[in-house]
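Visitor:
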Amino acid sequence: MPNTRNAKKADRQSKKRRLQNRAATKVTRTSIKEIRLSTNKAEATKQLSEAFSKIDKLAKKNVIHKNKAANLKSGLAKKVKAMK
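Here it is, written out as structure tokens:
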């Protein structure tokens, strides 16, 4: 339990940021899942740019590590490229 005023504020901010980060991560994971389950290459290519944007935003905000973002993007690109 935080005792000082600034510790209480930091706790509130931390909880708020955690919820925002979880929501953003969930949206990104959903878009990644849609690409992986997609069978249409044209549709997947369109979704790919949206997913890249979401992944880059998470990395920019330090929600995920930049290397993880790069790894996710390269894996998705390989998956879409292999589609017929």
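Quick note: the numbering used here has the sequence shown finishing at residue 86, numbered continuously throughout. Note that CB positions come from ideal geometry on N, CA and C, so glycine has one too. Just so it is clear, the structure is predicted and the values come from calculations on it, not from any experiment.
1) Assuming contact is defined by CB atoms lying nearer than 7 Å, are A61 and I34 in contact in what I supplied?
2) Using a 10 Å radius around the Cβ and a threshold of 16 neighbouring Cβ atoms, would you call K56 buried or exposed?
3) Any contact of the region 66-73 with the region 35-47, i.e. 3+ C-beta pairs under 8 Å?
4) If the criterion is Cβ atoms closer than 7 Å, does the pair N23 and V82 meet it?
5) Under 7 Å Cβ to Cβ from K75, same chain only, skipping five residues before and after it: list those, please.
6) Do M85 and K43 have their C-beta atoms within less than 7 Å of each other?
Guide: On the basis of the coordinates in this document:
1) Cβ atoms of A61 and I34: not closer than 7 Å.
2) So K56 ends up on the buried side.
3) The count of Cβ pairs closer than 8 Å, one atom from the region 66-73 and one from the region 35-47, stays below three, leaving the stretches out of contact.
4) Taking 7 Å as the Cβ cut-off, N23 and V82 do not qualify as a contacting pair.
5) Spatial neighbours of K75 in its own chain (CB-CB distance under 7 Å, excluding positions within 5 residues in sequence) are listed in chain order as F54, I57.
6) Note that the C-beta distance between M85 and K43 is below 7 Å.
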